[in-house]
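Below: one structure, written as structure tokens.
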Ligand SMILES: [Zn+2]
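Numbering (the numbering used here), first residue to last: 10 to 258.
Spelled out as structure tokens, the structure:
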């Protein structure tokens with residue numbers, strides 16, 4: 010288990026994956042925290058949210074930032090051509106990939122799992138938004154295949170991190186979801202999505218030693234993180250991010 014560290018960068022509170030940032034100089038990997046809301050369809054105006062993304066991008070020493078309109082699917086797209094600067098909203102997709110320094114990939118979450126993929130050999134990286142629907146639809150496989158196609162990333166070289174999300178003890182789901190996950194005949198039960206995604210990622214050929222999972226639970230830490238479940242649907246959204254600082258271009 011990995012516990013992202015709380016830091017503040019230019020007045021923006023973050024949880025950062027310090028193991029990766031230390032291990033790969035120039036990498037920025039982490040998530041924003043509550044109460045800042047990065048939701049594109051939340052209560053704050055789209056102008057205020059855009060400005061928030063631009064401030065985050067500058068604080069992380071990147072020049073452009075991309076987020077997709079998330080639809081709980083498995084579509085992953087390479088950001089190409091990469092935007093020269095500013096904040097850019099892509100079409101209906103739950104995953105983004107690039108190998109360009111200075112381009113900050115983001116996904117917004119509030120219980121769903123941000124999945125970070127990094128190919129340290131080529132510098133290629135991908136960030137995915139995985140709820141139970143996207144997980145079952147194969148978004149992790151799509152992310153891996155996109156990195157393979159982008160610059161030949163080998164599965165055995167990939168690093169994968171499953172970020173802050175609702176934990177197995179907090180995520181109670183009904184029989185229709187359990188049936189999808191191969192547990193028919195159960196009325197209701199708990200689902201540990203990060204544990205399931207870990208097994209899935211191993212099945213896809215990534216070594217278990219290259220996979221880490223955050224110990225942060227959005228619902229257990231509702232004072233720090235946005236939780237859709239913990240707020241009965243009124244929560245804002247965090248922005249998970251992954252990129253290379255622009256000076257490493
Ligand atoms: Zn929890």
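We treat Cβ as the ideally placed atom computed from N, Cα and C, and that holds for glycine.
(Q) Please tell me whether, using a cut-off of 7 Å, the distance from the CB of residue 121 to the nearest non-hydrogen atom of ligand 1 is below it. (A) no
Q | Limits of the alpha helix (DSSP H) - the one that residue 217 falls within | A | Premise fails: residue 217 is in no alpha helix (DSSP H) and is neither H nor E.
(Q) Under 7 Å: does the beta carbon of residue 199 sit that close to some heavy atom of ligand 1? (A) no
Q.
Please output, in chain order, the residues near ligand 1 using a CB cut-off of less than 5 Å to any non-hydrogen atom of the ligand.
A. 176, 179, 226, 228 and 229
Q: Output yes or no for whether 8 Å exceeds the beta carbon distance between residue 124 and residue 149.
A: yes
Q: Just tell me which of 29, 42 and 35 has its CA closest to the CA of residue 15.
A: 42
(Q) By the three-class DSSP mapping on this structure, what secondary structure does residue 231 have? (A) coil
Q. Within the chosen definition, does the region 113-121 reach the region 183-201 through at least 3 CB pairs nearer than 8 Å?
A. no
**Q.** Cβ contact (3+ pairs, closer than 8 Å) linking the region 197-209 and the region 29-44
**A.** no
Q. What runs of the alpha helix (DSSP H), each 4 residues or longer, lie entirely inside the region 129-175?
A. 141-146 and 148-160
Q: Report the option in 106, 108, 116 and 67 whose CA atom is closest to the CA atom of residue 18.
A: 67
Q.
So, does the region 188-197 touch the region 235-247, judging by three or more C-beta pairs under 8 Å?
A. no
Q) Does DSSP put residue 225 in a helix, in a strand, or in coil? A) coil
Q.
Just to check my reading of the structure: residue 111 and residue 253 have Cβ atoms closer than 8 Å, yes? What is that Cβ distance to the nearest angstrom?
A. 7 Å
Q. Quick one: Cα of residue 158 to Cα of residue 109, how far?
A. 15 Å
**Q.** chain B contact for residue 146 (CB, 8 Å cutoff)
**A.** In summary, chain B is missing from the structure at hand, where a single protein chain is found.
Q) Can you name, in chain order, every residue of its own chain whose Cβ lies under 6 Å from the Cβ of residue 215, other than the five neighbours on each side? A) 164, 167 and 169
Q: Report the three-state DSSP secondary structure of residue 193 (helix, strand or coil).
A: coil
Q. So what does DSSP say about residue 203, is it helix, strand or coil?
A. helix
Q. What are the partner residues of residue 60, as DSSP defines its beta bridges?
A. DSSP, once it has assigned bridges, lists no residue as partnering residue 60.
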